[in-house]
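Residue numbers (our numbering), protein chains in the order written: chain A, 4 to 494; chain B, 3 to 224. Just so it is clear, CB atoms sit at the ideal spot from N, CA and C, and this is done for glycine as well. Keep in mind it's a predicted model, so treat the numbers as computed, not measured.
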Amino acid sequence: MSLLQTLLIWPDRVLLSVLVLLLIAVPFLYAARAPMHALIRSASRAVSNPLRLGSRWLADTAKRLHGRNRHVLFAHGSHEVKQTIEREFERVTTLVQRDLEGYPVLQRKLMDEITRIEEDYKKTGEVPLPPPEWVKAIEALAKIKASGDGVVERILVEIRDALGDIYQKVVGEYRSAYKERHQILKSFLPFWRSVNQTLTQVDRNITSLQVSAAKIDANVIKLENITARGNNAAHALASSSSTLFFVAGLVMLIAFGGAYVNFKLIALPMSAMVGGGDYITDTLQASEVAALVIILFETLMGLFLMETLRFTSLFPFGNITEKMRRRLMWASLIILLVLASVEVGLAVMRDAIISADVALKQQLGSTGGVVRAEAGWVTRIPTFGQMILGFTLPFALAFVAIPLETFINSARTVFGTGLELALQGLAFVLRFAANMAKEIGRFVIMLYDVLIFAPLAIERLIWTYREGAARGTKLRSMPPLKRAAGSEEAI
Amino acid sequence: MKVTGTLGILGAFLLVVACGPTVNHNQAVYVLIDTSGTYVKEMNKAQAVVNYLLGTINTGDTLAVGRVKSRSFSEKEIVAKVSLGKDPLEANVQKRAFSDQFAAFAKAEQHASGSRYTDITGGIIQAAEYLNETQAGRKTIVIFSDMQEELDYKTVRDIPIKLDGIRVVALNVTKLGTDNVDPRRYLNRLEWWEKRARTAGATDWKVVNDMEHLDRIFRKSS
Numbered sequence: 004m005s006l007l008q009t010l011l012i013w014p015d016r017v018l019l020s021v022l023v024l025l026l027i028a029v030p031f032l033y034a035a036r037a038p039m040h041a042l043i044r045s046a047s048r049a050v051s052n053p054l055r056l057g058s059r060w061l062a063d064t065a066k067r068l069h070g071r072n073r074h075v076l077f078a079h080g081s082h083e084v085k086q087t088i089e090r091e092f093e094r095v096t097t098l099v100q101r102d103l104e105g106y107p108v109l110q111r112k113l114m115d116e117i118t119r120i121e122e123d124y125k126k127t128g129e130v131p132l133p134p135p136e137w138v139k140a141i142e143a144l145a146k147i148k149a150s151g152d153g154v155v156e157r158i159l160v161e162i163r164d165a166l167g168d169i170y171q172k173v174v175g176e177y178r179s180a181y182k183e184r185h186q187i188l189k190s191f192l193p194f195w196r197s198v199n200q201t202l203t204q205v206d207r208n209i210t211s212l213q214v215s216a217a218k219i220d221a222n223v224i225k226l227e228n229i230t231a232r233g234n235n236a237a238h239a240l241a242s243s244s245s246t247l248f249f250v251a252g253l254v255m256l257i258a259f260g261g262a263y264v265n266f267k268l269i270a271l272p273m274s275a276m277v278g279g280g281d282y283i284t285d286t287l288q289a290s291e292v293a294a295l296v297i298i299l300f301e302t303l304m305g306l307f308l309m310e311t312l313r314f315t316s317l318f319p320f321g322n323i324t325e326k327m328r329r330r331l332m333w334a335s336l337i338i339l340l341v342l343a344s345v346e347v348g349l350a351v352m353r354d355a356i357i358s359a360d361v362a363l364k365q366q367l368g369s370t371g372g373v374v375r376a377e378a379g380w381v382t383r384i385p386t387f388g389q390m391i392l393g394f395t396l397p398f399a400l401a402f403v404a405i406p407l408e409t410f411i412n413s414a415r416t417v418f419g420t421g422l423e424l425a426l427q428g429l430a431f432v433l434r435f436a437a438n439m440a441k442e443i444g445r446f447v448i449m450l451y452d453v454l455i456f457a458p459l460a461i462e463r464l465i466w467t468y469r470e471g472a473a474r475g476t477k478l479r480s481m482p483p484l485k486r487a488a489g490s491e492e493a494i
Numbered sequence: 003m004k005v006t007g008t009l010g011i012l013g014a015f016l017l018v019v020a021c022g023p024t025v026n027h028n029q030a031v032y033v034l035i036d037t038s039g040t041y042v043k044e045m046n047k048a049q050a051v052v053n054y055l056l057g058t059i060n061t062g063d064t065l066a067v068g069r070v071k072s073r074s075f076s077e078k079e080i081v082a083k084v085s086l087g088k089d090p091l092e093a094n095v096q097k098r099a100f101s102d103q104f105a106a107f108a109k110a111e112q113h114a115s116g117s118r119y120t121d122i123t124g125g126i127i128q129a130a131e132y133l134n135e136t137q138a139g140r141k142t143i144v145i146f147s148d149m150q151e152e153l154d155y156k157t158v159r160d161i162p163i164k165l166d167g168i169r170v171v172a173l174n175v176t177k178l179g180t181d182n183v184d185p186r187r188y189l190n191r192l193e194w195w196e197k198r199a200r201t202a203g204a205t206d207w208k209v210v211n212d213m214e215h216l217d218r219i220f221r222k223s224s
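Structure below.
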C-alpha cells in the first residue's frame, strides 16, 4: 500500500476521499493563509535570489572578460603590427644600406659621364672657319659678264677654275670636320647607355623604397586605429584571429597526419633498437614511446630552428646574442639532420623486418620449398619511398612551428570570446531560472487561494455586508478586499 | 613559454605513465603432442599448428613443443623450445631455426612407431612447470591429442596438479573407434579433463577440432 493510499479515507474511492480531505483541510488552509503565503514567497526568493546573484556575477565576469579579451586583442594586434613595421623598417634599412650606400660613387660616376658627354658635345659644336674675305672679291670678279675680249675671257676662266678648286677644298674640309663630330657623337652611345642603366637602377630602388614606405604608412594607420581602440579595429582583429585560428588548426591537422605517418614508419624498427615486447603501460609499447620521443624531438628541433631563423617568436630568445642565436640555429639544424638520417636507417630496417616476416610466413605456410621472387628495382620502390619519407618528414614537421605559433596566439582570442559567450549564455539561463522560480512562487500562492476560494468568498461577502451596514450608519471607507498580512497580492 | 608549458605537461604525462605498474605482456605456449599409438599419424596437422603459432608469436614470447609418450614428465620430452629475443630480425632467425628443428622431429616421428602408453598428465605437469619458469603474462598449454590417457601399472598420475593462471586448449581431439560405438565415452572423457583442468586452477578450458580457424583461439585478446 502506497503512502497516498494510506492517507485516503476510502481507498477504493479516491476522488471522494480527496474531496473530503480537501473539505477538512480548507478551514486549516484558510487559517494558515498568511503564514503560508509568506512561506511560499520565502521559498521562491530562496531559489530565485541566489540564481539572480549568480547570474549577475556571471554577467559581470563576462563583462570583465570582454574587457580583458579586448585588451589582449589590442595588445596582440598592436604587437603584430609593430613587428610588421619593424620588419618593413629592417627591409628599408637593408635596402638603403645596400643601394644608397653606393650613391656617392654612383653620383660621381654619373657626374663624370655627364661632364664627358658635355665636353664631347662642345667639341661637336665647333664649326669650320668661313671662307676668307678675298673670296667675296673674286666672286664679284666672277660676276663680270663676258664682253668677247679674249684676254678678259681667259682671266675669268682662270678665276672660275681657281674658285672651283678652292670650293672643292673647303667642302672637303667641311665634310671631314663633320665626320669627326659624328664619330664623337657615336662614342657618346655607351655613356648614354650607362647613364640610362644607372638611372633605371636608381628608379627601381626608389620605387621599392616607395612601396615599403606605403606599407609602413598603412601599418602605422592600422596601429593608430588599434591605439585608438575603436570597435572597427576590434572587429577586424577578432575576425582576423578567428580566420587564423581555423586555418592554423587545419594546417596543424595536416601536420598531425604527417606525424602519424612518420610514427608508423619508425615504430616497428624502433623495437629492434629498444627491444620489442616491452610494455610501459597495458597498451603502450616501449618502442612506440621511443618513436614518439624521436618525433617530438624532431618537432622541438624544428621549433628551435624556426625560432632562431626568426620565423616565429614562441621563446624568449630576444635576450641572447646574435652569435649564440646562430650557434643554436646550427645545432638545431644538425640535430634535425641527424634525426632525419636515423629515420632513413629505420625506414630501411622496417622494410627488412617486414620482408623477413613475409618470407618466414611464406615458408611456414608452404609444405615445399619457398620460391623467392627476383628482387628487381620495381620491388625496391617502396623502400626508396620510405627512405625519402623518413628524410623529408622531419623537415616538414619543422615547419609546424609557424602554424603552431599562429594557433596559440589566435587560440587566446578565440577561446576568450568563446568563454565570454558561454558566461553570457549561462548568466541568461540563471536569470531565466530566477524569474521562473519567482513566477512559480506567485503561481503557487494563487493556486493556494484557489483551493480556499469558498472561505475567501464568504469573507468577501461579510466585508461587503459590513461595508453596506456601515455606509448606512456613517460614512467610512473600507478596503474592498482584505489583504493577507505581508501579502502584496489582492485576494 | 606556452610551448615549454605544453612540453612540460607532456613530459610529466610520460613520467607518470612510465612509473605506472608494469604488466608482463609476453606469452608462453607449450604444445603437447601425442606421439603414442595411432595418433602419431596426425603429425602433419601438429606441424601446421606449430607453424601457425610461430607466425603469431612476437618478440619476447616463448614457444615449446613437448611430446606425450609412455612417461612424459621429463625435460627430455621437450622436443624444441625457443624464447624469442627483443630484436625482430633476430626473432625471425630463431623462428626459422625452430621451424626446421620441429620439421626434422615431425619427419622422424612419422616413420617411428608410436609409444605403447599415453601419459598426458605427466606431459601437462611438465608443461606447467616449464610455463611457470618463463614468468610470461599469458600461459597456454595446447594439447594435441585424443585425450585418451593410458598408463602402465607402475606410473602414478592420479595426483593433484597445479595449473594456476594457465589456459588449456585441447586440439584435434579425434574420436576413437569405441567413441563411435558410444559417443558418451568421448563426451565423458572431455568432461573429465575439463573438470580436472579447472580443479587444477586453469583459467580456461577449450576444445577445438576445427583446424581451419586457429585464429579464434590464439587471438591477442583471448
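Review point. Short check: CB of B/Tyr1 to CB of B/Ala66, under 7 Å?
Key: With chain B represented from 3 up to 224, any question about residue 1 of chain B goes unanswered, as that position is not in the structure.
Review point. Under 7 Å, do B/Val70 and B/Asp36 count as touching if we go by C-beta distance?
Key: Mapped onto the second sequence, residue 70 of chain B falls at position 68. Mapped onto the second sequence, residue 36 of chain B falls at position 34. Cβ distance < 7 Å, so B/Val70 and B/Asp36 count as in contact.
Review point. Just reading off the beta strand (DSSP E) that B/Lys242 is part of, what are its end residues?
Key: With chain B running from 3 to 224 in the structure shown, residue 242 of chain B is simply not present.
Practice item. Please state whether DSSP places B/Ala114 in a helix, a strand or coil. Key: Stepping through the second sequence from its first residue, residue 114 of chain B is reached at position 112. Coil, per DSSP.
Review point. Is it the case that the Cβ atoms of B/Ala30 and B/Thr123 are separated by a distance below 7 Å?
Key: Residue 30 of chain B sits at position 28 when you count from the first residue of the second sequence. Residue 123 of chain B sits at position 121 when you count from the first residue of the second sequence. Going by C-beta atoms, B/Ala30 is not nearer than 7 Å to B/Thr123.
**Study point:** Inter-residue CB distance, A/Leu271 and A/Gln389 (contact presumed, cutoff 8 Å)
**Key:** Your numbering for residue 271 of chain A matches position 268 in the first sequence. Your numbering for residue 389 of chain A matches position 386 in the first sequence. Not confirmed; about 11 Å, so no contact.
Exercise for review: May I ask you to report which of helix, strand or coil DSSP gives B/Val175?
Suggested key: The count along the second sequence starts at 1 and reaches residue 175 of chain B at position 173. The answer is coil: DSSP assigns B/Val175 none of H, G, I, E or B.
Check your understanding: To the nearest angstrom, how far is it from the Cα of A/Leu7 to the Cα of A/Ser51?
Key -> Reading the first sequence from its first residue, position 4 is the one you call residue 7 of chain A. Reading the first sequence from its first residue, position 48 is the one you call residue 51 of chain A. When rounded, the distance between both Cα atoms is 31 Å.
Point to revise | Cβ-Cβ distance between A/Gly280 and B/Gly62 below 7 Å | key: Along the first sequence, read from residue 1 onward, the residue named residue 280 of chain A stands at position 277. Along the second sequence, read from residue 1 onward, the residue named residue 62 of chain B stands at position 60. Yes.
Check your understanding: Does A/Gly371 get closer than 7 Å to chain B when you measure Cβ to Cβ?
Key -> By one-based count along the first sequence, residue 371 of chain A stands at place 368. Bear in mind that a pLDDT of 47 at A/Gly371, under 50, signals an unreliable position, so the number given afterwards is only what the model happens to contain. False, the Cβ-Cβ gap to chain B never drops below 7 Å.
Exercise for review: Determine the direct distance from the alpha carbon of B/Asp184 to that of B/Ala202, and round the result to whole angstroms.
Suggested key: Taking the first residue of the second sequence as 1, we reach residue 202 of chain B at position 200. Taking the first residue of the second sequence as 1, we reach residue 184 of chain B at position 182. Each residue's alpha carbon lies about 28 Å from the other.
Check your understanding: Relative to the C-alpha of A/Leu450, which residue among A/Ile43, A/Leu18 and A/Leu26 is closest?
Key -> Here the question's residue 450 of chain A lines up with position 447 in the first sequence. Checked all of A/Ile43, A/Leu18 and A/Leu26; the closest Cα to A/Leu450 is A/Ile43.
Review point. A/Ala359: which of B/Leu178, B/Gln96 and B/Leu192 sits nearest, CA to CA?
Key: As a first step, residue 359 of chain A is located in the first sequence; it is residue number 356 there, counting from the start. It is B/Gln96 whose Cα lies nearest to the Cα of A/Ala359.
Exercise for review: State the CB to CB distance for the pair B/Met149 and B/Val175, rounded to an integer number of angstroms; the pair is presumed to be in contact (CB under 8 Å).
Suggested key: Sequence index remark: in the second sequence, residue 149 of chain B carries index 147 (1-based). Sequence index remark: in the second sequence, residue 175 of chain B carries index 173 (1-based). The Cβ separation is near 5 Å, so the contact holds.
Exercise for review: State the DSSP-derived secondary structure class of A/Ile12, mapped to helix, strand or coil.
Suggested key: The sequence position of residue 12 of chain A within the first sequence is 9, counting from 1. DSSP places A/Ile12 in coil when its eight states are reduced to three.
Practice item. List the residues of chain B whose Cβ lies closer than 8 Å to the Cβ of A/Ile356, in chain order. Key: Here the question's residue 356 of chain A lines up with position 353 in the first sequence. Under the 8 Å cutoff, chain B gives Pro90, Leu91 and Asn94.
Check your understanding: When the distance is taken between beta carbons, is B/Glu152 closer than 7 Å to B/Tyr119?
Key -> Looking up residue 119 of chain B in the second sequence gives position 117. Looking up residue 152 of chain B in the second sequence gives position 150. Against a cut-off of 7 Å, the Cβ pair of B/Glu152 and B/Tyr119 comes out as a contact.
Practice item. Using the DSSP secondary-structure output, state which residues sit across from B/Ile219 in a beta bridge. Key: On the second sequence, residue 219 of chain B is found 217 positions in, with the first residue counted as 1. Paired residues: none, contrary to the question.
**Study point:** Simplified DSSP state of A/Leu317, which is helix, strand or coil
**Key:** The count along the first sequence starts at 1 and reaches residue 317 of chain A at position 314. A/Leu317: coil per DSSP, three-state reduction.
Review point. Buried or exposed: which applies to B/Ser38, given that a residue is buried once 16 or more other Cβ atoms fall within 10 Å of its Cβ?
Key: Sequence index remark: in the second sequence, residue 38 of chain B carries index 36 (1-based). It counts as buried.
**Study point:** Rounded C-alpha distance that separates A/Gly371 from B/Glu44
**Key:** Counting from one through the first sequence, the residue named residue 371 of chain A turns up at place 368. Counting from one through the second sequence, the residue named residue 44 of chain B turns up at place 42. Residue placement at A/Gly371 is poorly supported in this model, since its pLDDT is 47, which falls under 50; the coordinates still yield a value, given next. A/Gly371 and B/Glu44: Cα-Cα distance of roughly 18 Å.
Review point. Which residues of chain A have a Cβ atom closer than 7 Å to the Cβ of B/Gly57, listed in chain order?
Key: For this step, residue 57 of chain B is matched to residue 55 along the second sequence. In chain order: Lys364 and Leu367.
Check your understanding: What's the gap between the Cα of B/Ala130 and the Cα of B/Val144?
Key -> The sequence position of residue 130 of chain B within the second sequence is 128, counting from 1. The sequence position of residue 144 of chain B within the second sequence is 142, counting from 1. Going by the C-alpha atoms only, they are around 11 Å apart.
Review point. Among all the DSSP beta bridges, which residues are the ones paired with B/Ser85?
Key: On the second sequence, position 83 is the one that residue 85 of chain B refers to. Answer is B/Thr64.
Check your understanding: Is it a yes or a no for the region 361-368 of chain A touching the region 97-117 of chain B, going by three-plus beta-carbon pairs under 8 Å?
Key -> yes
Review point. Any idea if A/Phe77 is buried or exposed, counting beta-carbon neighbours within 10 angstroms, 16 or more meaning buried?
Key: Looking up residue 77 of chain A in the first sequence gives position 74. Its Cβ being crowded by 16 or more others within 10 Å, A/Phe77 is buried.
Check your understanding: Grouping DSSP H, G and I as helix and E and B as strand, with all else coil, what is A/Val373?
Key -> Position 370 of the first sequence, counting from 1, holds the residue named residue 373 of chain A. Because the pLDDT of A/Val373 is 48, which lies under 50, any placement of that residue in the model is unreliable, and the number read from its coordinates should be weighed accordingly. If DSSP states are grouped into helix, strand and coil, A/Val373 belongs with coil.
Exercise for review: For A/Glu325, count neighbouring C-beta atoms within 10 Å of its own C-beta (all shown protein chains included) and say buried if the count is 16 or more, exposed if not.
Suggested key: The count along the first sequence starts at 1 and reaches residue 325 of chain A at position 322. Exposed: under 16 other Cβ atoms inside 10 Å.
Exercise for review: Could you tell me if A/Ala472 is buried or exposed, where buried requires 16 or more neighbouring beta carbons within 10 angstroms of its beta carbon?
Suggested key: Along the first sequence, one-based indexing puts residue 472 of chain A at 469. It counts as exposed.
Point to revise | Near-chain A residues of the region 155-173 of chain B (beta-carbon distance less than 7 Å), N- to C-terminal order | key: none
Exercise for review: Give the straight-line distance between the Cα atoms of A/Ile461 and A/Val447, rounded to the nearest whole angstrom.
Suggested key: Counting from one through the first sequence, the residue named residue 461 of chain A turns up at place 458. Counting from one through the first sequence, the residue named residue 447 of chain A turns up at place 444. Their Cα atoms are separated by approximately 22 Å.
Point to revise | Sequence-distant residues of its chain with Cβ nearer than 8 Å to A/Arg383 (five each side left out) | key: For this step, residue 383 of chain A is matched to residue 380 along the first sequence. Cβ neighbours of A/Arg383 beyond the five flanking positions: none.
Exercise for review: Measuring only between beta-carbons, confirm whether A/Ala275 sits less than 7 Å from chain B.
Suggested key: The residue you call residue 275 of chain A lines up with position 272 of the first sequence. So yes, A/Ala275 belongs to the interface.
**Study point:** Residue closest to B/Lys164, alpha-carbon to alpha-carbon, out of B/Arg198, B/Ala48 and B/Lys83
**Key:** Residue mapping note: residue 164 of chain B aligns to position 162 of the second sequence, counting from 1. It is B/Arg198.
Practice item. Could you pull the start and end residues of the alpha helix (DSSP H) that B/Val31 belongs to? Key: In the second sequence, the residue the question calls residue 31 of chain B occupies position 29. Here B/Val31 belongs to no alpha helix (DSSP H); instead the beta strand (DSSP E) covers Gln29 to Asp36.
Check your understanding: What are the uninterrupted segments assigned as alpha helix (DSSP H) that are 4 or more residues long and contained completely in the region 354-435 of chain A, given in chain order?
Key -> 384-401
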